[in-house]
Structure formats: C-alpha cells, structure tokens
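Novice: Each residue of the sequence shown is one higher than the last, beginning at -19 in our numbering.
The beta carbon of each residue, even a glycine, is placed where N, CA and C say it ideally should be.
Note that this is a predicted model, so its numbers are computed, not measured.
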Amino acid sequence: MLYTSHSIKNTTKINGISYCTSFTQNNMKVTRKIGFYSMQIVSRNDASEVFDVSKLREIVNYIVSLAREDRKWDATKRKFFFLSDVNVIPNNHNVETWIFKGAEHSYRPPLLNSNTLQERENPRELEEGDMEKTHLGICYYEDEIILILEEIKSGINIGRINMYLENFAEDFYRLSGNKLNYKIKHSSIPKENFLEELQKLRRVRLGIVSVSKQLLGSEFLNFSNRIHEIQDEINIEIKACRMGSIQDTVSDIYKKLTGSHENIKKIRVYGLDENNHEIILDTEIIKKIQHIELETDILTGEIDSQEMIANILQILLSYNNE
-19 MLYTSHSIKN
-9 TTKINGISYC
1 TSFTQNNMKV
11 TRKIGFYSMQ
21 IVSRNDASEV
31 FDVSKLREIV
41 NYIVSLARED
51 RKWDATKRKF
61 FFLSDVNVIP
71 NNHNVETWIF
81 KGAEHSYRPP
91 LLNSNTLQER
101 ENPRELEEGD
111 MEKTHLGICY
121 YEDEIILILE
131 EIKSGINIGR
141 INMYLENFAE
151 DFYRLSGNKL
161 NYKIKHSSIP
171 KENFLEELQK
181 LRRVRLGIVS
191 VSKQLLGSEF
201 LNFSNRIHEI
211 QDEINIEIKA
221 CRMGSIQDTV
231 SDIYKKLTGS
241 HENIKKIRVY
251 GLDENNHEII
261 LDTEIIKKIQ
271 HIELETDILT
281 GEIDSQEMIA
291 NILQILLSYN
301 NE
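(1) Tell me where the alpha helix (DSSP H) around Ala149 begins and ends.
(2) Keeping to the same chain, check which residues put their C-beta closer than 6 Å to that of Glu99; ignore five residues upstream and five downstream.
(3) Put Phe3 into one of helix, strand or coil per three-state DSSP.
(4) Please state whether DSSP places Leu178 in a helix, a strand or coil.
(5) What residue from Phe152, Glu217, Glu254, Tyr121 has the CA that sits closest to Ile39's CA?
(6) Kindly indicate which three-state DSSP category Ser285 falls into: helix, strand or coil?
(7) Give the secondary structure of Tyr313 by DSSP, where H, G and I count as helix, E and B as strand, and everything else as coil.
(8) When you measure from the CB of Glu275 to every non-hydrogen atom of the ligand ADP, does any distance come out below 6 Å?
(9) Three-state secondary structure (DSSP) at Asp228?
(10) Quick check: the segment 70 to 89 against the segment 179 to 192, are at least 3 beta-carbon pairs closer than 8 Å?
(11) How big is the Cα-Cα spacing for Arg185 and Ser225?
(12) Is the beta carbon of Met8 sitting closer than 7 Å to the one on Thr276?
(13) Between the C-alpha atoms of Asn41 and Asp228, what's the straight-line distance to the nearest angstrom?
(14) At what residues does the alpha helix (DSSP H) containing Val40 begin and finish?
(15) Over the uninterrupted beta strand (DSSP E) stretch that includes Cys119, give me the two end residues.
(16) Short of 8 Å in beta carbon distance, which residues of its chain neighbour Asn102, apart from the five on each side in sequence? Order them along the chain.
(17) Of the residues Arg104, Ser156, Glu258, Val33, which one's Cα is nearest the Cα of Tyr121?
(18) Have a look at Glu29 and Lys165 and give me their C-alpha separation to the nearest angstrom.
(19) Considering only residues of the same chain and omitting the five flanking positions on each side of Val44, which have a CB-CB separation below 6 Å?
(20) Measuring CA to CA, which of Arg48, Tyr17, Asp26, Thr77 is closest to Ser285?
(21) May I ask you to verify whether the segment 280 to 296 touches the segment 8 to 18, counting CB pairs closer than 8 Å and requiring at least 3?
(22) From which residue to which residue does the beta strand (DSSP E) around Gly82 run?
(23) What did DSSP end up calling Glu199 once you bin it into helix, strand or coil?
(24) By DSSP's criteria, Lys246 is part of a beta bridge. Which residues make up the other side?
(25) Taking Lys236 and Ile244 to be in contact with their CB atoms under 8 Å, please state how far apart those CB atoms are, rounded to whole angstroms.
(26) In the DSSP assignment, find the unbroken beta strand (DSSP E) run with Tyr162 in it and report its ends.
(27) Just the Cα atoms here: how many angstroms apart are Leu97 and Lys57?
(28) Return yes when the Cβ of Lys163 is within less than 7 Å of the Cβ of Arg24, no when it is not.
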C-alpha cells in the first residue's frame, strides 16, 4: 500500500521547556491510559516508619551510572526491562521523567503479510524482541513519590517497577558493604468515582482532610486574630481504632466537600481492598481521569516519546501545583 503524506511539527512549552513533536498526516491515533500511584520508602521492620525519598534518588542515580547492559533486569525467562532515560526538569528538580525499554525474546514465528497473506521467515535473532517503551513522570515530596505511569499491556507495570528498583537497591547496598534496611512500597490512586471506590474498600484506616485556615477563624474556634501566619490549608488526620474503619465518617465529609462546603478543600484516604492491597483515594486525583490520544508513526506504529512525555509532564505539574 502506498501512502502519500507530509509531516507536521508541533511545539509544546511546559515549565519553560519546549517539546517538539512531529506526526504525519494519515497517521493512526491511539489512546493511552494513565495510572496514578504513590510510592514510599518504609522500614523493613516497621512499615509505619517512613524514610526520606532521597533514598530513592540515590538508587536511581546508581542505576543511571551503570552501563546500559548492566541496567537490565529479567522479569521472566523471556522478558526483560531496563531504565533507559531519566530526565530532571531544570526548573523543578523534584520532577523527573523516565523511560523504560523492554522486549520479549526467544519467540520468532514466521511473518504473515496482512495484504497478500504470504509468509516469510522472521529475520530477527532469538535473543531479539520487539522493543516496547513505557513512559512515566515522578514528583518527589518529602516522604512520598507521586508517579504518573503510561499503562500498556506489553510494557512494565507498577509492580515490576517496584521490583526493579528494589533489585538495584539490594545491589547498591551490597557493593557499599551496608545492609538494606528499607523496602519500596507502592499504592494505587484510583481515578474513578470517589464514593464508589470508597465503598469497595474492606477497611479505611486513615483519612486526611485539608481544610481552609478560615475554619480556625470560625465562630466555633474563634482564632480569627491569630491565623494570618498560618498556611492557607490545614491537614486534619482522622485515624480508625485498631482493626476499625472510618468509611462512614469519610463518606459524610466527602458529601460536605461536594456540597459546596467551602472550608473543606480535599480528602485523601488510606485503606485496604479485599485482597489486603493498600489503596489511596484522593479527591484531587479523582478529578483528573486521564486518557491521552497520541499520533503513531506511519512506518513503525510507535508513539512519539516526546509527545507522551509532554502530556505526562502536564498532568504531573498540574497535580504538583494543586
């Protein structure tokens, strides 16, 4: 089939950086789902003890210092991944974009032409596979990392990213003669309806409600003359009793939030699903249901990495500026 087309260039400026993306008319568009996750560095002996995220930066710096072939991690006997690119945003050193690359090898069936149905021998070697990229953006906070991940079936998922980082953390500490005293924990931040997701949780152990400082100056607390040096938002922690759950309490607070109660700004909930996996619900994230539509290369079918990174950065910086 003969394609006649011409290239178009777009330039997107984000945080002072220009991202040039190009596509060809008649290219097919694809939609990518974006997942929201939280990562924390916690003690191996006590998961409630949270370490500074600088420990993750230390491991990432170690990985990128290695030769390309030494960054490889075998997820299965036939599938491998490696961290290919790490870029720090110049105007915001707490924000980075990563690209993982990987492939599935040891599988080389004949090729079949979609037009002629003719078969031919596959020229690639058994050690080779179709390269798949996974793009993500991360933002470092004091004791938490927010991670925005391109979710694609053939790419690397959040669980394997967690395992990849822990694998190289073990290597780093072994080479330095020290014992690794922490582990990396990740949690999902769902993007669906808050109350529906809340009711799916088996237990809600902690709720953090961000309220306006004006609440302190209300008739109830009457601190009106003492709040000018306080930040605009105040966090109130609501903890469940041992083995208890605060689902109903959080549900009531959420209804006040959506009922134009101006003093309540946002809610974050930590709970467990039916499989005892930790889940985070965040009203700010839930507002951002994200699916990105991208152009693909007319010859290879690949998406443009610059375009994907530009989209991920917009989402991440929007969250960072909340």
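Specialist: Let me lay it out:
(1) 138 to 155
(2) Pro90, Leu92
(3) Caution applies to Phe3, whose pLDDT of 45 falls short of 50 and renders its modelled position unreliable; the model cannot decide the point.
(4) helix
(5) Phe152
(6) helix
(7) As displayed, the chain neither begins before -19 nor continues past 302, which places residue 313 out of reach and without an answer.
(8) Absence of the ligand ADP is noted for the structure shown, with no ligands found whatsoever.
(9) helix
(10) no
(11) 6 Å
(12) yes
(13) 44 Å
(14) 34 to 45
(15) 112 to 120
(16) Arg88, Pro89, Pro90, Leu91
(17) Val33
(18) 12 Å
(19) Val66
(20) Thr77
(21) yes
(22) 72 to 84
(23) Because Glu199 carries a pLDDT of 48, less than 50, the predicted location of this residue cannot be relied on, and no value is offered for it.
(24) Ser190
(25) 6 Å
(26) 162 to 168
(27) 32 Å
(28) yes
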